[in-house]
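Undergrad:
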Amino acid sequence: MKKLKDFQFGYADAEKEFTRIPEIFDESFYDYRQIAQKLIEKDSFLLVGRKGVGKSAVNARIRYLSTTKNNLNAFPLQLNDFEYTTFGKTSVDRNVIGTQKYKDSWDFFMLVTIIKFLYNNVKITESVELNKIIEVLEQLGFKIKNNLKYKQTVTRLSKIKVGAASAAIELAFENLKTEKPDTFQEIMSLLNEEMYDAIETTYTPTKEIIIMIDGVDDILRLRKNQLDILSSLIRSVDYLNDKFFKDGIKIKITVCIREDILIKITDPDLNKIKRDGSLTIDWSQDTDGLKKVVALRFKFSGINSEDSESYWYEIFPKEMQNKDSWEHVLEYTLYKPRDVLQFLKSCQELYPENAKLSFKQVSDALKAYSKDYFIEEMKNEVTGFVSEQLIILLPVIFQRLGSNQFSYSEFRRNFDEQSTTKIKNSEEVKLLLALLFESGYVGQLIKNKSKYGRETTSVIFKYRNPGSQVDFNQTFIIHKGIQKGLGIKLN
Numbered sequence: 004m005k006k007l008k009d010f011q012f013g014y015a016d017a018e019k020e021f022t023r024i025p026e027i028f029d030e031s032f033y034d035y036r037q038i039a040q041k042l043i044e045k046d047s048f049l050l051v052g053r054k055g056v057g058k059s060a061v062n063a064r065i066r067y068l069s070t071t072k073n074n075l076n077a078f079p080l081q082l083n084d085f086e087y088t089t090f091g092k093t094s095v096d097r098n099v100i101g102t103q104k105y106k107d108s109w110d111f112f113m114l115v116t117i118i119k120f121l122y123n124n125v126k127i128t129e130s131v132e133l134n135k136i137i138e139v140l141e142q143l144g145f146k147i148k149n150n151l152k153y154k155q156t157v158t159r160l161s162k163i164k165v166g167a168a169s170a171a172i173e174l175a176f177e178n179l180k181t182e183k184p185d186t187f188q189e190i191m192s193l194l195n196e197e198m199y200d201a202i203e204t205t206y207t208p209t210k211e212i213i214i215m216i217d218g219v220d221d222i223l224r225l226r227k228n229q230l231d232i233l234s235s236l237i238r239s240v241d242y243l244n245d246k247f248f249k250d251g252i253k254i255k256i257t258v259c260i261r262e263d264i265l266i267k268i269t270d271p272d273l274n275k276i277k278r279d280g281s282l283t284i285d286w287s288q289d290t291d292g293l294k295k296v297v298a299l300r301f302k303f304s305g306i307n308s309e310d311s312e313s314y315w316y317e318i319f320p321k322e323m324q325n326k327d328s329w330e331h332v333l334e335y336t337l338y339k340p341r342d343v344l345q346f347l348k349s350c351q352e353l354y355p356e357n358a359k360l361s362f363k364q365v366s367d368a369l370k371a372y373s374k375d376y377f378i379e380e381m382k383n384e385v386t387g388f389v390s391e392q393l394i395i396l397l398p399v400i401f402q403r404l405g406s407n408q409f410s411y412s413e414f415r416r417n418f419d420e421q422s423t424t425k426i427k428n429s430e431e432v433k434l435l436l437a438l439l440f441e442s443g444y445v446g447q448l449i450k451n452k453s454k455y456g457r458e459t460t461s462v463i464f465k466y467r468n469p470g471s472q473v474d475f476n477q478t479f480i481i482h483k484g485i486q487k488g489l490g491i492k493l494n
């Protein structure tokens with residue numbers, strides 16, 4: 004039998020997986036409800052899901068397919084370190100709100116990115132129309148040739164907004180044989196039109212191009228104009244995709260976005276876009292799919308295809324605490340592929356020479372997984388929504404509660420007692436608890452009366468019951484994955 008050290012369970016980061024072991028996205032990739040194929044072939048462009056459900060893995064799968072298909076070219080656009088604060092200066096008008104506030108600036112950014120890609124990656128270097136607009140953009144200070152970085156684009160765009168490039172603008176529009184526009188919005192509108200026309204004239208597709216935007220989580224660090232910038236991005240991508248489709252240009256832009264971030268946008272203009280253009284990854288109704296993810300990693304590591312589905316039980320006991328060991332381990336996860344694979348990595352790190360694990364070894368691995376991964380994931384998931392002070396205190400607060408069950412008032416009181424500076428905003432503590440419920444790290448105990456008058460208690464977690472809503476008058480319960488690492492007593 005194989006030892007645990009002989010298995011390849013991959014990395015927590017899909018980008019690292021694609022760089023180090025790209026072949027894992029071949030036959031070892033489980034395409035949840037054919038989402039990768041739908042993003043390539045259908046109209047949907049928004050890939051939505053909680054943190055860790057596999058959005059970036061879908062992008063990596065599409066990138067892998069582009070290396071094997073002659074009719075597909077996939078280009079990742081990672082916005083992990085995007086200059087949102089600088090970009091926030093490029094609104095068309097301070098009085099405009101919602102999806103229009105930054106739409107022209109996002110249109111500009113995306114069209115410049117496409118032109119860079121066509122020139123530098125697709126190697127369309129002889130087109131008169133493309134070279135003409137590239138010359139204009141470079142006169143304006145935008146570096147196009149041999150430059151795929153976007154930071155300089157954002158910085159230069161903000162300088163044009165504040166009027167720091169008036170001479171360059173005048174020269175550029177002379178070359179376009181057009182009068183210099185009076186406003187930033189007019190400048191953007193004219194340049195966007197010229198860039199789009201150059202792309203339409205130049206790109207005679209032999210391949211479909213997909214530009215995949217990921218890493219928008221960093222927008223959570225921005226306190227001002229956060230939702231306007233994000234809603235404008237979605238509006239811009241939807242607008243450009245519709246325009247490309249209408250004009251027969253085989254270019255598509257996709258956006259990966261966390262469900263908890265998208266929910267914050269309440270702009271009614273986006274409701275139809277979300278309805279028509281989004282695909283959601285939700286494993287709560289497909290735990291068999293999670294098992295297939297694991298089976299495919301076993302197969303990738305050399306286990307025969309016919310044995311991979313049941314190989315879990317070659318490593319783990321058949322049953323634990325009177326239930327199937329697979330179901331037992333799932334109780335310590337949020338039904339996410341990353342959670343299950345990181346548990347397997349914890350087993351591998353603790354017992355590399357073992358081929359099988361005992362009950363105690365599984366328990367120890369769950370404790371290590373909880374401390375090293377699950378609790379950190381909880382803190383990461385609420386980062387950007389509430390103050391860092393609350394997040395740092397959170398594990399301590401859970402331990403101080405003294406039980407896996409608690410009320411909102413107990414939660415609030417412990418924060419007041421533990422904080423070195425009095426937490427003035429009780430609403431922020433309430434928001435934190437709501438976020439923990441929404442992301443599945445706490446659940447609720449709901450008391451019901453049967454028709455015979457007997458009282459029953461239901462345990463409700465959002466990741467298992469997506470339609471459930473938080474009720475601050477109910478008793479809360481801490482997820483087992485948190486309890487294990489913090490040593491919290493069970494009631």
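In the working numbering, the protein residues as written are 4 to 494.
The C-beta atom is built at its ideal place from N, Cα and C for all residues, glycine as well.
Taking the alpha-carbon positions, what's the leucine 404 to glycine 446 distance?
TA: Counting from one through the sequence shown, the residue named residue 404 turns up at place 401. Counting from one through the sequence shown, the residue named residue 446 turns up at place 443. Near 15 Å, if we compare the C-alpha coordinates of glycine 446 and leucine 404.
Undergrad: Spatial neighbours of leucine 160 within its chain, please: CB distance less than 6 Å, with the 5 preceding and 5 following residues excluded, ordered by chain position.
TA: Taking the first residue of the sequence shown as position 1, residue 160 is located at position 157. Contacts found: Thr93.
Undergrad: Measure the C-alpha to C-alpha separation of valine 95 and leucine 225 and round it to an integer number of angstroms.
TA: The residue you call residue 95 lines up with position 92 of the sequence shown. The residue you call residue 225 lines up with position 222 of the sequence shown. Whole-angstrom Cα-Cα distance: 19 Å.
Undergrad: According to DSSP, simplified to helix, strand and coil, what is arginine 340?
TA: Translated into the one-based positions of the sequence shown, residue 340 becomes position 337. It is worth fixing the name first, because residue 340 is proline in this sequence and not arginine. It is helical.
Undergrad: In three-state terms, what does DSSP make of threonine 186?
TA: By 1-based counting over the sequence shown, the position of residue 186 is 183. Threonine 186 falls in the coil class under three-state DSSP.
Undergrad: Measure how close the beta-carbons of methionine 215 and threonine 257 come, nearest whole angstrom, since I'm counting them as under 8 Å.
TA: Sequence index remark: in the sequence shown, residue 215 carries index 212 (1-based). Sequence index remark: in the sequence shown, residue 257 carries index 254 (1-based). Right, the Cβ-Cβ distance comes to about 5 Å (below 8 Å), so this counts as a contact.
Undergrad: Once you ignore the five residues that flank serine 442 on each side, which residues in its own chain have a CB closer than 6 Å to its CB?
TA: The residue given as residue 442 occupies position 439 in the sequence shown. Excluding sequence neighbours, serine 442 sits near Glu384.
Undergrad: Restricting to runs no shorter than 3 residues, where is the beta strand (DSSP E) found entirely within the region 165 to 229?
TA: Here the runs fully enclosed are 211 to 217.
Undergrad: Taking Cβ to Cβ, would you say serine 234 is nearer than 8 Å to leucine 273?
TA: Taking the sequence shown and counting its residues from 1, one reaches residue 234 at position 231. Taking the sequence shown and counting its residues from 1, one reaches residue 273 at position 270. Taking 8 Å as the Cβ cut-off, serine 234 and leucine 273 qualify as a contacting pair.
Undergrad: According to DSSP, which residues form a beta bridge with threonine 386?
TA: Residue 386 sits at position 383 when you count from the first residue of the sequence shown. Paired residues: Val389.
Undergrad: Give the secondary structure of asparagine 76 by DSSP, where H, G and I count as helix, E and B as strand, and everything else as coil.
TA: Residue mapping note: residue 76 aligns to position 73 of the sequence shown, counting from 1. Here asparagine 76 sits in strand by DSSP.
Undergrad: Given 8 Å as the limit, is there contact between the region 125 to 132 and the region 55 to 63, that is, 3 or more CB pairs closer than that?
TA: Result no; under three Cβ-Cβ pairs closer than 8 Å.
Undergrad: Helix, strand or coil: which one does DSSP assign to threonine 283?
TA: Working through the sequence shown from its first residue, we reach residue 283 at position 280. Note: threonine 283 maps to strand in three-state DSSP.
Undergrad: Can you give me the start and stop residues for the alpha helix (DSSP H) that glutamine 142 sits inside?
TA: Taking the first residue of the sequence shown as position 1, residue 142 is located at position 139. From DSSP, the alpha helix (DSSP H) with glutamine 142 extends over 131 to 142.
Undergrad: Report, in whole angstroms, the separation of the C-beta atoms of glutamate 380 and glycine 55, which I expect to be a contact under 8 Å.
TA: Residue 380 sits at position 377 when you count from the first residue of the sequence shown. Residue 55 sits at position 52 when you count from the first residue of the sequence shown. The pair is a contact, with the Cβ atoms about 7 Å apart (cut-off 8 Å).
Undergrad: Where in the region 297 to 339 do unbroken runs of the alpha helix (DSSP H), each at least 4 residues long, occur, reported from the N-terminal end onward?
TA: You should have 308 to 311, 315 to 318, 328 to 333.
Undergrad: Would you mind reading off the limits of the alpha helix (DSSP H) that contains phenylalanine 2?
TA: Past the edges of the chain, shown from 4 to 494, lies residue 2, and the structure says nothing about it.
Undergrad: Rounded to whole angstroms, what is the Cα-Cα separation between serine 47 and serine 406?
TA: The residue given as residue 47 occupies position 44 in the sequence shown. The residue given as residue 406 occupies position 403 in the sequence shown. Rounded to the nearest angstrom, the two C-alpha atoms are 45 Å apart.
Undergrad: Where does the unbroken alpha helix (DSSP H) through phenylalanine 362 begin, and where does it stop?
TA: Residue 362 sits at position 359 when you count from the first residue of the sequence shown. 362 to 372 is the extent of the alpha helix (DSSP H) around phenylalanine 362.
Undergrad: Measuring CB atoms only, is the region 134 to 143 touching the region 163 to 174, in the sense that at least three cross pairs come out at less than 8 Å?
TA: Contact between the region 134 to 143 and the region 163 to 174 is present, because at least three Cβ pairs lie under 8 Å.
Undergrad: Under the assumption that aspartate 263 contacts arginine 53 (Cβ atoms under 8 Å), give the Cβ distance between them as a whole number of angstroms.
TA: The residue labelled residue 263 in the question sits at position 260 within the sequence shown. The residue labelled residue 53 in the question sits at position 50 within the sequence shown. Confirmed, about 7 Å.
Undergrad: Using 8 Å as the threshold, is the C-beta distance between isoleucine 394 and phenylalanine 418 below it?
TA: The count along the sequence shown starts at 1 and reaches residue 394 at position 391. The count along the sequence shown starts at 1 and reaches residue 418 at position 415. Cβ distance not < 8 Å, so isoleucine 394 and phenylalanine 418 don't count as in contact.
Undergrad: For phenylalanine 85, count neighbouring C-beta atoms within 10 Å of its own C-beta (all shown protein chains included) and say buried if the count is 16 or more, exposed if not.
TA: One-based indexing of the sequence shown puts residue 85 at position 82. Its Cβ being crowded by 16 or more others within 10 Å, phenylalanine 85 is buried.
Undergrad: Does the contact criterion of 3 or more C-beta pairs under 8 Å hold for the region 322 to 333 versus the region 30 to 42?
TA: With the cut-off at 8 Å, the region 322 to 333 and the region 30 to 42 do not touch.
Undergrad: Label proline 271 either buried or exposed according to how many other C-beta atoms from any shown protein chain fall within 10 Å of its C-beta, with 16 as the threshold for buried.
TA: The residue you call residue 271 lines up with position 268 of the sequence shown. So proline 271 counts as exposed.
Undergrad: Got a sec, what are the start and stop residues for the beta strand (DSSP E) isoleucine 463 sits in?
TA: Looking up residue 463 in the sequence shown gives position 460. From DSSP, the beta strand (DSSP E) with isoleucine 463 extends over 458 to 463.
Undergrad: Name the DSSP beta bridge partners of arginine 261, please?
TA: Numbered from 1 along the sequence shown, position 258 holds the residue referred to as residue 261. Note: arginine 261 sits in a beta bridge opposite Gly52.
Undergrad: For the beta strand (DSSP E) that contains threonine 128, what are its first and last residues?
TA: Counting from one through the sequence shown, the residue named residue 128 turns up at place 125. Threonine 128 -> no beta strand (DSSP E), and no H or E assigned at all.
Undergrad: May I ask you to report which of helix, strand or coil DSSP gives valine 432?
TA: Here residue 432 refers to the residue found at position 429 of the sequence shown. DSSP places valine 432 in helix when its eight states are reduced to three.
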